[in-house]
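Residues in the sequence shown are numbered from 112 upward in steps of one, following my numbering.
Note that CB positions come from ideal geometry on N, CA and C, so glycine has one too.
Keep in mind that this is a model prediction, so the values were computed, not measured.
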Amino acid sequence: MHMGINFRWTKKNAVLATVMVILTATIPFIDSGSAWKNGSYAYNSASYSYSDDFGTHDWVAEAALNALYSVDKSNWQWLMDRKTIFLVGTEAPDNSGVSMTLDGTAVSGFGDTTKHHIYFNEDGTISNNEDDAAIRAKTVGDLADVAMDADKYDLAAFYLGTMTHYIADMGVFCHVAENNVAPHYLDFDKNHTEFEDYVGSRTNNHANPEEFFQIASFSINSTTPYNAAKNLAWDTYKDPTGSHDAKYLYDNFFGSWVLTFAARSGDSSEHRTYYNRVEQNLNNAIAACAAAINSALGIGSTGNTGVTDGMPAYPLPIFVAFATIAMLGLIGRKSRKISK
Numbered sequence: 112m113h114m115g116i117n118f119r120w121t122k123k124n125a126v127l128a129t130v131m132v133i134l135t136a137t138i139p140f141i142d143s144g145s146a147w148k149n150g151s152y153a154y155n156s157a158s159y160s161y162s163d164d165f166g167t168h169d170w171v172a173e174a175a176l177n178a179l180y181s182v183d184k185s186n187w188q189w190l191m192d193r194k195t196i197f198l199v200g201t202e203a204p205d206n207s208g209v210s211m212t213l214d215g216t217a218v219s220g221f222g223d224t225t226k227h228h229i230y231f232n233e234d235g236t237i238s239n240n241e242d243d244a245a246i247r248a249k250t251v252g253d254l255a256d257v258a259m260d261a262d263k264y265d266l267a268a269f270y271l272g273t274m275t276h277y278i279a280d281m282g283v284f285c286h287v288a289e290n291n292v293a294p295h296y297l298d299f300d301k302n303h304t305e306f307e308d309y310v311g312s313r314t315n316n317h318a319n320p321e322e323f324f325q326i327a328s329f330s331i332n333s334t335t336p337y338n339a340a341k342n343l344a345w346d347t348y349k350d351p352t353g354s355h356d357a358k359y360l361y362d363n364f365f366g367s368w369v370l371t372f373a374a375r376s377g378d379s380s381e382h383r384t385y386y387n388r389v390e391q392n393l394n395n396a397i398a399a400c401a402a403a404i405n406s407a408l409g410i411g412s413t414g415n416t417g418v419t420d421g422m423p424a425y426p427l428p429i430f431v432a433f434a435t436i437a438m439l440g441l442i443g444r445k446s447r448k449i450s451k
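Structure, rendered in structure tokens:
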């Protein structure tokens with residue numbers, strides 16, 4: 112399949128390698144923390160198995176891709192055709208063992224789990240420059256952009272999958288609420304692993320993705336990867352209603368979740384409310400990932416997958432762009448149209 116692209120500006124292939132060096136140079140030597148789960152790691156697209164490797168990150172990323180495809184098949188067929196590469200890309204932030212050669216370029220996982228968070232002050236500004244996940248989302252979104260500019264579609268699919276991981280993690284309350292600081296002084300990591308394991312075991316059935324959590328219809332927008340991650344993080348941390356914020360999810364965590372959506376109706380009202388908020392966070396993550404993919408490549412169109420249930424917009428403080436990438440001239444968006 113041949114694809115032609117019309118765009119307003121071009122970049123040299125050398126920039127791709129330079130940005131990859133910048134990205135990997137910031138990987139910490141010691142990993143800590145955890146995030147939404149993949150299933151078992153595939154390490155490369157040839158080994159990917161839906162029965163073994165499909166997990167929460169795959170669930171979110173695939174739902175975002177399905178939403179985009181449902182609105183604009185012509186512009187997203189190329190990514191649908193590379194879905195396994197896209198899904199293996201979701202492993203890369205956690206799994207340093209990812210290793211593939213795509214479009215002649217060797218790619219590997221980052222294993223940068225200490226960078227999967229955004230922390231806020233109570234007024235919505237970033238706390239102590241702790242916007243690492245948003246910066247990572249922007250960085251790999253730029254890598255996807257550069258790959259598309261060089262007609263490297265496999266590589267672009269991989270980096271878009273990677274980008275969704277950094278964004279989707281902002282739907283986890285433990286990734287947006289800092290431990291032992293004002294105003295709560297709580298150890299938000301206390302049930303971090305258990306929470307993600309509960310969600311993971313209810314989002315790993317590719318044949319029945321709505322076995323427990325329902326995927327809501329939503330309005331597809333276009334939001335920069337940085338802002339998609341940040342907006343999602345703020346929603347998870349604060350909750351527009353103020354009643355089901357990160358502290359609520361911490362305070363009301365419980366074990367022994369029921370196993371199916373049908374069983375949720377028979378659980379206690381307190382538990383149902385908890386499930387509903389987690390489900391909302393997951394759906395917000397899907398909408399944020401779809402908006403960021405739309406924005407990162409500047410292709411496709413916005414539209415409605417059904418009932419409008421998009422994330423609310425929040426006023427954001429001024430974002431100082433990632434300086435090194437700005438120097439490389441990667442700031443800016445283009446308009447693309449993919450033809451087959």
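From which residue to which residue does the beta strand (DSSP E) around residue i run?
i	result
residue 211	210–213
Which partner residues does residue i have in the DSSP bridge list?
i	result
residue 231	237
residue 379	DSSP output for residue 379 lists no bridge partner at all.
residue 331	414
residue 219	210
Exposed or buried, which one is residue i when buried takes at least 16 other CB atoms within 10 Å?
i	result
residue 406	buried
residue 351	exposed
residue 370	exposed
residue 294	exposed
residue 416	buried
residue 325	exposed
So for residue i, helix, strand or coil by DSSP?
i	result
residue 397	helix
residue 326	coil
residue 313	coil
residue 365	coil
residue 390	helix
residue 370	coil
residue 131	Residue placement at residue 131 is flagged as unreliable, the pLDDT there being 44, under the threshold of 50; the coordinate-derived value follows with that caveat. DSSP places residue 131 in helix when its eight states are reduced to three.
residue 152	coil
residue 384	helix
residue 406	helix
Could you pull the start and end residues of the alpha helix (DSSP H) that residue i belongs to?
i	result
residue 225	From DSSP, residue 225 is part of no alpha helix (DSSP H); its letter is neither H nor E.
residue 158	Counting along the chain, residue 158 falls outside any alpha helix (DSSP H), and DSSP gives it neither H nor E.
residue 343	336–349
Report yes if the C-beta of residue i is less than 6 Å from at least one heavy atom of the ligand HEM; otherwise report no.
i	result
residue 217	Of ligands this structure carries none, so the ligand HEM is not represented either.
Q: Give, in chain order, every unbroken run of the alpha helix (DSSP H) that is at least 4 residues long and sits entirely within the stretch 245–306.
A: 264–279
Q. Which parts of the stretch 166–199 are runs of the alpha helix (DSSP H), unbroken and 4 residues or longer, counting only runs that do not cross its ends?
A. 167–182, 184–191
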